[in-house]
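Heads up, the thing below is written out as structure tokens.
Protein chains: 2
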Amino acid sequence: MYEVPSVVGRHVIYEMQDGNPNLLNNEEFVKDALKQAAEDSGATLLSIVSHKFEPQGVTAVALLSESHISIHTWPEHGYAAVDAFTCGEHTDPETACGTLRKLFNSGYGTMKLVRRLGPSVSPGLPQGAAL
Amino acid sequence: MYEVPSVVGRHVIYEMQDGNPNLLNNEEFVKDALKQAAEDSGATLLSIVSHKFEPQGVTAVALLSESHISIHTWPEHGYAAVDAFTCGEHTDPETACGTLRKLFNSGYGTMKLVRRLGPSVSPGLPQGAAL
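Structure below.
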């Protein structure tokens with residue numbers, strides 16, 4: 757039998773709506789929010805990279821020992837595209853998204869959970885073959 | 757009527773299997789691969805942040821004007837968890853993933869496309885309300 761694919765982590769795709777435009781346009785606030793989200797999710801922060809667009813918008817990614825959290829903001833629409841991908845049972849990407857929702861005073865939004873499969877064997881390999 | 761939600765971009769979740777372990781463990785190669793993937797996808801690279809794990813593994817994110825491309829590698833399994841999120845009609849996140857597949861000599865893998873919804877109005881708002 758082929759191995760059952762493992763699950764290496766959970767990846768949450770979060771559409772944040774109705775956030776505070778001033779906060780979504782504040783690069784330092786966005787970076788601090790990512791730090792707090794990483795901490796609350798149980799992850800270890802390695803570094804943060806960010807960029808401020810003109811006339812508006814911030815994009816930032818937190819690199820984690822357990823993968824990453826990203827945010828791309830459209831302050832003029834109160835919208836941010838977020839994804840939080842964390843590996844390991846000790847971390848919770850939904851908690852990271854919840855922290856961002858609270859910090860940006862988002863009124864609503866949607867989350868989609870994608871299970872990351874991790875290593876698997878090829879469907880083309882002979883029976884019993886392992887990676 | 758409520759507005760039909762827009763689509764702000766396309767987000768490809770890519771499970772890369774059977775990649776070259778040495779290349780997946782080479783931090784400089786991984787960063788160069790992200791640069792090439794960004795260029796091939798039609799995106800504008802802002803910066804790259806990366807980290808090398810011991811005894812193995814690389815994590816790296818390319819920040820783009822059009823969002824980001826990330827890669828987290830498990831060389832010992834020939835596996836990498838990739839996501840490529842790009843905004844705008846001039847960019848193609850699937851092309852970015854295809855570039856990475858070729859550069860790491862990946863034999864197989866799976867891609868999942870998530871359409872990022874972008875700004876929308878609340879389902880709780882009265883008819884005709886706009887953000």
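Protein sequence lines correspond, in order, to chains A and B.
What the first sequence shows, in this note's numbering, is residues 757 to 887, in sequence order.
What the second sequence shows, in this note's numbering, is residues 757 to 887, in sequence order.
From the three backbone atoms N, C-alpha and C, an ideal C-beta is built for every residue, glycine too.
Within-8 Å CB hit, residue i to chain A
i, result
"B/V760", "In this predicted model, B/V760 has a pLDDT of only 47, less than 50, meaning its place in the structure is not dependable; the value taken from the coordinates is given anyway. It does not: the Cβ of B/V760 has no partner Cβ on chain A nearer than 8 Å."
"B/R872", "yes"
"B/I825", "no"
"B/S797", "no"
"B/V814", "no"
"B/L801", "no"
"B/N776", "no"
"B/E771", "yes"
"B/S876", "yes"
"B/V786", "no"
"B/V763", "no"
"B/L819", "yes"
"B/L887", "Confidence is the limiting factor: at B/L887 the pLDDT is only 34, short of 50, which leaves the residue's position unreliable, though a coordinate-based value still follows. It does: the Cβ of B/L887 has a partner Cβ on chain A nearer than 8 Å."
Any C-beta of chain B under 8 Å from that of residue i
i, result
"A/A837", "yes"
"A/L790", "no"
"A/V768", "no"
"A/K868", "yes"
"A/H846", "no"
"A/Q883", "With a pLDDT of 39 at A/Q883, under the threshold of 50, the modelled position of this residue cannot be trusted, and the question is left open."
Assumed close pair residue i, residue j - CB separation to whole angstroms, cut-off 8 Å
i, j, result
"A/V786", "A/T829", "7 Å"
"A/L802", "B/H767", "That belief does not hold up - the Cβ atoms of A/L802 and B/H767 are roughly 22 Å apart, past 8 Å."
"B/H824", "A/V817", "6 Å"
Opening and closing residue of the beta strand (DSSP E) in which residue i lies
i, result
"A/G865", "Y864 to R872"
Rounded straight-line distance, which links the Cα of residue j to that of residue i
i, j, result
"B/G880", "A/Y835", "Because the pLDDT at B/G880 is just 49, under 50, the model does not fix this residue reliably, and the value given afterwards should be weighed accordingly. Rounded to the nearest angstrom, the two C-alpha atoms are 17 Å apart."
"B/G798", "A/Q812", "22 Å"
"A/E810", "B/A837", "32 Å"
"B/M772", "B/H833", "10 Å"
"A/K791", "A/S821", "13 Å"
"A/G874", "B/L819", "24 Å"
"A/T815", "A/I827", "6 Å"
"A/T847", "A/A840", "11 Å"
"B/L856", "B/G863", "12 Å"
"B/L779", "B/F860", "6 Å"
"A/C853", "B/E795", "30 Å"
"A/P849", "A/T842", "6 Å"
"B/G775", "A/I769", "26 Å"
"B/R872", "B/G765", "5 Å"
"B/Q851", "A/V805", "Checking the sequence, you will find Thr at residue 851 of chain B rather than Gln. Straight-line Cα distance between these residues: approximately 24 Å."
"B/S876", "B/T866", "30 Å"
"B/K858", "B/A793", "10 Å"
"A/E783", "A/G844", "29 Å"
"B/P777", "B/P831", "4 Å"
"A/D788", "B/N781", "30 Å"
"B/K868", "A/K868", "13 Å"
"A/T800", "B/T800", "29 Å"
Beta-ladder partner(s) of residue i, from DSSP
i, result
"A/Q792", "Answer by DSSP bridge pairing: none, since A/Q792 is not bridged."
"B/L801", "B/L820"
"B/C843", "B/G765"
"B/T897", "Because chain B is modelled from 757 through 887, residue 897 of chain B falls outside the range shown and cannot be assessed."
"A/H828", "A/T815 and A/A837"
"B/E771", "B/A837 and B/T866"
"B/K787", "Note: B/K787 sits in no beta bridge, so no partner."
"A/S876", "BP columns for A/S876 are empty, so no partner."
Boundaries of the alpha helix (DSSP H) in which residue i is found, first to last residue
i, result
"A/N778", "P777 to L780"
C-beta neighbour in chain C for residue i, strict 8 Å
i, result
"A/I804", "Among the chains of the structure shown, chain C does not appear; the protein chains present are A and B."
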